[in-house]
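For reference, the structure is listed below as structure tokens.
There are 2 protein chains.
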Amino acid sequence: MTKEEIQGAQEDQAQSKKAAKKLQKEAEKAAKKAEKQAKLAAESQVADGEDIAKDRYGTPAMIQSQEKIDRVLVHVKDLTEEKVGQVVWLRSRVHTNRAKGKQCFLVLRQQQFNVQGLVAVGDHVSKQMVKFAANINKESIVDVQGIVQKVDQKIESCSQQDVELHIERIYVISTAEPRLPLQLDDAVRPETGEEEGRATVNQDTRLDNRVIDLRTTTSQAIFRLQSGVCQLFRETLINKGFTEIQTPKIISAASEGGANVFTVSYFKTSAYLAQSPQLYKQMCICADFDKVFCIGPVFRAEDSNTHRHLTEFVGLDIEMAFNYHYHEVVTQITDTLVKIFKGLRDRYQTEIQTVGKQFPSEPFKFLEPTLILEYPEGVAMLKEAGVEMGDEEDLSTPNEKLLGRLVKEKYDTDFYVLDKYPLAVRPFYTMPDPHTAKYSNSYDMFMRGEEILSGAQRIHDPQLLTDRALHLGIDVEKIKSYIDSFRFGAPPHAGGGIGLERVTMLYLGLHNVRQTSMFPRDPKRLTP
Amino acid sequence: MTKEEIQGAQEDQAQSKKAAKKLQKEAEKAAKKAEKQAKLAAESQVADGEDIAKDRYGTPAMIQSQEKIDRVLVHVKDLTEEKVGQVVWLRSRVHTNRAKGKQCFLVLRQQQFNVQGLVAVGDHVSKQMVKFAANINKESIVDVQGIVQKVDQKIESCSQQDVELHIERIYVISTAEPRLPLQLDDAVRPETGEEEGRATVNQDTRLDNRVIDLRTTTSQAIFRLQSGVCQLFRETLINKGFTEIQTPKIISAASEGGANVFTVSYFKTSAYLAQSPQLYKQMCICADFDKVFCIGPVFRAEDSNTHRHLTEFVGLDIEMAFNYHYHEVVTQITDTLVKIFKGLRDRYQTEIQTVGKQFPSEPFKFLEPTLILEYPEGVAMLKEAGVEMGDEEDLSTPNEKLLGRLVKEKYDTDFYVLDKYPLAVRPFYTMPDPHTAKYSNSYDMFMRGEEILSGAQRIHDPQLLTDRALHLGIDVEKIKSYIDSFRFGAPPHAGGGIGLERVTMLYLGLHNVRQTSMFPRDPKRLTP
Numbered sequence: 001m002t003k004e005e006i007q008g009a010q011e012d013q014a015q016s017k018k019a020a021k022k023l024q025k026e027a028e029k030a031a032k033k034a035e036k037q038a039k040l041a042a043e044s045q046v047a048d049g050e051d052i053a054k055d056r057y058g059t060p061a062m063i064q065s066q067e068k069i070d071r072v073l074v075h076v077k078d079l080t081e082e083k084v085g086q087v088v089w090l091r092s093r094v095h096t097n098r099a100k101g102k103q104c105f106l107v108l109r110q111q112q113f114n115v116q117g118l119v120a121v122g123d124h125v126s127k128q129m130v131k132f133a134a135n136i137n138k139e140s141i142v143d144v145q146g147i148v149q150k151v152d153q154k155i156e157s158c159s160q161q162d163v164e165l166h167i168e169r170i171y172v173i174s175t176a177e178p179r180l181p182l183q184l185d186d187a188v189r190p191e192t193g194e195e196e197g198r199a200t201v202n203q204d205t206r207l208d209n210r211v212i213d214l215r216t217t218t219s220q221a222i223f224r225l226q227s228g229v230c231q232l233f234r235e236t237l238i239n240k241g242f243t244e245i246q247t248p249k250i251i252s253a254a255s256e257g258g259a260n261v262f263t264v265s266y267f268k269t270s271a272y273l274a275q276s277p278q279l280y281k282q283m284c285i286c287a288d289f290d291k292v293f294c295i296g297p298v299f300r301a302e303d304s305n306t307h308r309h310l311t312e313f314v315g316l317d318i319e320m321a322f323n324y325h326y327h328e329v330v331t332q333i334t335d336t337l338v339k340i341f342k343g344l345r346d347r348y349q350t351e352i353q354t355v356g357k358q359f360p361s362e363p364f365k366f367l368e369p370t371l372i373l374e375y376p377e378g379v380a381m382l383k384e385a386g387v388e389m390g391d392e393e394d395l396s397t398p399n400e401k402l403l404g405r406l407v408k409e410k411y412d413t414d415f416y417v418l419d420k421y422p423l424a425v426r427p428f429y430t431m432p433d434p435h436t437a438k439y440s441n442s443y444d445m446f447m448r449g450e451e452i453l454s455g456a457q458r459i460h461d462p463q464l465l466t467d468r469a470l471h472l473g474i475d476v477e478k479i480k481s482y483i484d485s486f487r488f489g490a491p492p493h494a495g496g497g498i499g500l501e502r503v504t505m506l507y508l509g510l511h512n513v514r515q516t517s518m519f520p521r522d523p524k525r526l527t528p
Numbered sequence: 001m002t003k004e005e006i007q008g009a010q011e012d013q014a015q016s017k018k019a020a021k022k023l024q025k026e027a028e029k030a031a032k033k034a035e036k037q038a039k040l041a042a043e044s045q046v047a048d049g050e051d052i053a054k055d056r057y058g059t060p061a062m063i064q065s066q067e068k069i070d071r072v073l074v075h076v077k078d079l080t081e082e083k084v085g086q087v088v089w090l091r092s093r094v095h096t097n098r099a100k101g102k103q104c105f106l107v108l109r110q111q112q113f114n115v116q117g118l119v120a121v122g123d124h125v126s127k128q129m130v131k132f133a134a135n136i137n138k139e140s141i142v143d144v145q146g147i148v149q150k151v152d153q154k155i156e157s158c159s160q161q162d163v164e165l166h167i168e169r170i171y172v173i174s175t176a177e178p179r180l181p182l183q184l185d186d187a188v189r190p191e192t193g194e195e196e197g198r199a200t201v202n203q204d205t206r207l208d209n210r211v212i213d214l215r216t217t218t219s220q221a222i223f224r225l226q227s228g229v230c231q232l233f234r235e236t237l238i239n240k241g242f243t244e245i246q247t248p249k250i251i252s253a254a255s256e257g258g259a260n261v262f263t264v265s266y267f268k269t270s271a272y273l274a275q276s277p278q279l280y281k282q283m284c285i286c287a288d289f290d291k292v293f294c295i296g297p298v299f300r301a302e303d304s305n306t307h308r309h310l311t312e313f314v315g316l317d318i319e320m321a322f323n324y325h326y327h328e329v330v331t332q333i334t335d336t337l338v339k340i341f342k343g344l345r346d347r348y349q350t351e352i353q354t355v356g357k358q359f360p361s362e363p364f365k366f367l368e369p370t371l372i373l374e375y376p377e378g379v380a381m382l383k384e385a386g387v388e389m390g391d392e393e394d395l396s397t398p399n400e401k402l403l404g405r406l407v408k409e410k411y412d413t414d415f416y417v418l419d420k421y422p423l424a425v426r427p428f429y430t431m432p433d434p435h436t437a438k439y440s441n442s443y444d445m446f447m448r449g450e451e452i453l454s455g456a457q458r459i460h461d462p463q464l465l466t467d468r469a470l471h472l473g474i475d476v477e478k479i480k481s482y483i484d485s486f487r488f489g490a491p492p493h494a495g496g497g498i499g500l501e502r503v504t505m506l507y508l509g510l511h512n513v514r515q516t517s518m519f520p521r522d523p524k525r526l527t528p
């Protein structure tokens with residue numbers, strides 16, 4: 001051990017001791033509190049008389065897999081009129097609970113479903129049991145046994161509107177702390193409309209307490225739909241004969257010259273985090289895998305604090321050899337995206353509706369076949385709308401947005417391809433257009449006016465690749481292994497990378513990519 | 001710019017200039033060579049007479065998407081007797097080519113399929129064309145047009161044994177360099193058996209030239225099967241109602257105390273690469289996702305140079321809330337693995353056979369239901385076989401291997417679960433066994449005697465979690481956010497992580513995990 005290490009270890013130990021002391025104090029406090037509660041309970045028992053239900057409620061020992069209990073737990077979503085009269089067990093969260101005289105009403109929640117529960121003094125239920133139910137901290141998890149009963153009036157506030165549960169047993173499986181950092185009802189409240197002005201939850205509070213924020217119906221719907229995006233992407237490509245590949249994220253050299261790349265300490269040397277799987281996808285094409293896709297994290301050390309940038313996001317990547325024209329690949333990609341849009345529309349309507357309650361938006365529109373505009377056409381539309389820009393200038397974000405609106409007005413679609421970008425604004429490995437030197441065989445795809453995919457025919461000839469790199473002042477020695485990949489026969493190929501979080505965000509008409517990343521990473525956020 | 005940066009930039013520039021010079025020299029050399037070849041060709045034309053086939057072969061301009069050609073290219077695997085007499089176009093690699101008098105035989109390869117091609121002097125084919133075909137560098141990509149002809153004797157060396165292609169046009173689409181760093185035939189040669197002693201390719205040469213090594217029938221089969229492992233894993237879990245999640249790889253604190261973790265520079269601070277998605281999977285369970293899975297990279301900064309360790313590998317991860325006993329989860333995991341084994345057996349028999357030709361192994365055996373042994377039973381079997389070890393001692397790698405052999409002998413299975421590991425050898429978040437304090441609710445799963453999954457019931461109670469961390473001397477302040485995840489109601493849950501490369505390796509009976517990682521990363525390898 002070096003001096004610093006010893007010192008560090010000692011500091012750690014000191015801190016650890018301090019933490020232990022603090023925890024001990026907390027434990028003592030908790031013990032005192034428990035004692036006080038027990039005393040109160042005992043007093044209350046005296047006041048309420050003998051407890052006829054004392055085995056029917058409580059907080060049993062933590063589930064440690066003590067025994068295999070042969071008990072069927074029903075799902076809240078299955079509590080319908082068909083079950084009326086049945087005695088069922090279920091496990092759920094206590095969404096709300098309030099006492100009202102000799103009874104306690106609870107809303108029992110399971111993911112996006114909830115049902116009303118009632119604990120009312122009677123043959124099986126004591127006053128003490130009602131009190132117990134009323135005092136359970138919200139968000140605690142309970143096992144309840146009860147009889148399913150039909151209700152006279154639909155319960156508008158619950159997903160299960162026709163029945164309620166008359167509870168005969170209630171046990172707390174896991175207790176939530178009494179004070180929640182955010183209220184679930186506030187977290188799903190729309191910011192405009194009828195409820196305008198009532199409490200909502202700001203984004204940082206949500207993200208700081210993501211474990212609770214993810215429990216809302218909106219979050220549940222967003223991430224179930226996102227799981228669907230991945231599934232539809234793969235399903236479509238596997239049916240088209242694509243092979244799934246896994247590409248390394250730790251790389252020895254930054255593929256695009258070293259800007260915006262995270263550095264990793266790698267044993268006695270340094271490495272980088274891959275900004276895209278592109279080199280590896282291309283190597284797989286050179287290795288005869290013909291059509292490949294991968295889903296994985298992509299890292300960008302860009303200090304961009306916008307609604308659509310993350311430092312780590314999920315890339316849905318495609319690369320494919322083609323015969324004679326890169327449009328063979330463009331068609332496969334647009335077809336895949338259209339299959340995703342259709343699949344979401346057909347399989348995730350509940351989720352779309354749920355998100356729409358909090359964040360209303362127009363349904364996502366697309367055409368078949370997909371609209372493909374050439375770059376000059378796009379520039380012409382922008383110029384006509386009063387934008388001043390050069391023919392070989394890249395699109396700014398506001399201009400992308402504007403073009404999206406113009407396209408929507410003219411063609412009634414939220415999805416289109418912009419093809420033939422100026423060569424000057426694309427990376428060195430982009431294949432130049434064979435007919436007009438200032439353009440290239442490259443394309444972006446847009447949803448609601450925002451870019452979700454960037455792609456191109458790649459240069460598969462090592463000499464042209466070298467020439468282009470030199471032309472752009474790139475140190476060719478640093479990208480030697482990339483160029484060498486094409487020296488042993490390489491088919492013409494093209495591909496692109498899709499940002500998963502952006503697709504989910506834009507399909508649902510949301511406005512921040514942090515809403516569609518479970519645990520977002522940006523220059524200012526690394527936790528939780 | 002600082003002085004160092006300026007100096008660095010100058011050095012870069014100098015290097016860049018040097019590289020440019022080198023490239024210019026190479027280009028000049030290539031030009032001279034081309035000139036010489038043209039001269040030779042002209043001379044040869046004089047010798048061979050006028051070329052009647054001069055439009056029927058050659059090296060056309062690089063495919064730059066000049067035009068959309070309406071030409072159907074057939075697949076080599078579809079060249080069967082049914083196609084005899086048809087004129088077809090196809091694109092393939094030149095696997096081998098050799099001239100023999102007035103004809104040239106080629107083996108044309110597409111992935112794992114190949115067919116014999118023949119260029120013979122005749123009405124459409126000139127001597128020059130035969131020469132051209134014979135001089136194409138191996139591994140170049142060609143477009144050929146030809147007539148499918150039945151052959152008298154089966155062609156044993158090709159996958160298409162009943163037909164050959166009589167070539168009438170041949171164009172080189174992409175030229176491979178004349179010298180290959182490895183020969184594909186050497187790279188698929190078994191190391192034992194009949195061909196023992198003939199050339200094979202060592203692992204570093206393979207990995208250094210992965211683009212070529214991945215073209216072998218063996219590699220193609222391995223990675224197509226691996227794509228199947230992922231597909232079967234997801235298919236099974238989606239059918240079971242699991243949700244796919246995406247977890248961040250850049251994290252702010254090392255979850256297990258900071259050992260074996262890669263450090264990342266993150267803007268003005270430091271971060272780490274996730275050693276597992278476990279914390280995030282658990283947070284999703286606490287956020288009511290109930291059953292989740294994810295597939296993604298996992299990073300281990302371990303200086304282990306063994307046949308089964310990688311610094312970056314792909315984790316197939318599962319986490320699931322359960323009702324009363326963690327065996328509910330164990331059953332789901334073993335059922336998933338068994339579905340994978342069956343799916344591979346039923347859908348990937350060709351690939352299994354292909355790999356077996358180079359690396360023979362016994363077919364993978366498994367039982368239904370899966371064999372679950374308790375740790376003490378395993379220790380007893382080892383002791384009976386002469387191993388000296390304590391009851392609470394962890395299994396060494398040789399002992400794991402030995403136990404695998406003993407289990408195979410006794411139960412005839414290559415797959416089993418070892419349950420109830422000693423608490424002392426598991427991480428702090430492992431749930432202790434409720435009946436015997438020295439054991440825990442944790443398990444490993446093994447294929448052919450090697451660990452492929454490690455898992456456990458996790459402690460879902462924040463107090464017990466804190467106690468266990470303190471007991472093991474972990475600085476609880478550093479894992480505060482992990483512990484806090486359980487403060488707002490957490491269901492009992494369990495899970496595990498499977499190593500994708502190990503599953504593929506062990507299912508196929510291979511002996512090095514680098515064979516089943518496309519671009520492996522270990523302490524000594526960061527490229528390609």
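Each protein sequence line maps, in turn, to chains A and B.
Taking the UniProt record's numbering, the leading residue of the first sequence gets 1, the next gets one more, and so forth.
Taking the UniProt record's numbering, the leading residue of the second sequence gets 1, the next gets one more, and so forth.
Glycine included, every Cβ here is placed at the ideal spot set by N, Cα and C.
Mind checking who residue i pairs with in its DSSP beta bridge?
| i | result |
| --- | --- |
| H95 of chain A | H95 of chain A is not bridged to any residue. |
| S442 of chain A | A:A456 |
| Y57 of chain A | A:I170 |
| Q515 of chain B | Paired residue(s): none; Q515 of chain B is not in a bridge. |
| R502 of chain B | None; R502 of chain B has no bridge partner. |
| N114 of chain B | B:R109 |
| I318 of chain A | A:F293 and A:G496 |
Along the alpha helix (DSSP H) that carries residue i, what are the first and last residues, could you check?
| i | result |
| --- | --- |
| residue 536 of chain A | Shown here, chain A extends from 1 to 528; a query on residue 536 of chain A therefore has no answer. |
| I238 of chain B | T217 to N239 |
| Q282 of chain B | Q278 to C286 |
| G356 of chain B | Q349 to Q358 |
Where does the unbroken beta strand (DSSP E) through residue i begin, and where does it stop?
| i | result |
| --- | --- |
| K396 of chain B | For the record, residue 396 of chain B in the displayed sequence is Ser; it is not Lys. Looking at the DSSP string, S396 of chain B is not in any beta strand (DSSP E), and its letter there is neither H nor E. |
| L146 of chain B | A small fix is needed here, since residue 146 of chain B is Gly in this sequence, not Leu. It spans I141 to K150 - the beta strand (DSSP E) in which G146 of chain B sits, taken as one unbroken run. |
| F132 of chain B | Careful: F132 of chain B lies outside any beta strand (DSSP E), inside the alpha helix (DSSP H) at K127 to A134. |
| Y324 of chain A | No beta strand (DSSP E) contains Y324 of chain A, which DSSP labels as neither H nor E. |
| S265 of chain B | T263 to Y266 |
Which whole-angstrom value is the C-beta distance of residue i and residue j, which I expect to be below 8 Å?
| i | j | result |
| --- | --- | --- |
| Y507 of chain B | L344 of chain B | 6 Å |
| V417 of chain B | M445 of chain B | 5 Å |
| residue 529 of chain A | K342 of chain A | It is not possible to answer for residue 529 of chain A, since the shown part of chain A is limited to 1 through 528. |
Strictly below 8 Å CB to CB, what residues from chain E border residue i?
| i | result |
| --- | --- |
| P434 of chain B | Looking for chain E here will not work: the only protein chains present are A and B. |
Chain A contacts made by the stretch 345-362 of chain B, where a contact means CB separation under 9 Å: Cβ contacts with chain A come from no residue of the stretch 345-362 of chain B.
Sequence ranges, beta strand (DSSP E) only - wholly within the stretch 159-202 of chain B, length at least 3: Here the runs fully enclosed are 163-174.
For the stretch 380-437 of chain A, list the alpha helix (DSSP H) runs that are entirely contained and at least 4 residues long, ordered along the chain. Here the runs fully enclosed are 397-411.
Residues of the stretch 65-80 of chain B in Cβ contact with chain A at a cutoff of 8 Å, in chain order, please. S65, Q66, E67, K68, I69, R71 and L73
Residues in the stretch 311-328 of chain A with C-beta within 8 Å of chain B's C-beta atoms, listed in sequence order? T311, E312, V314, N323, Y324, H325, Y326 and H327
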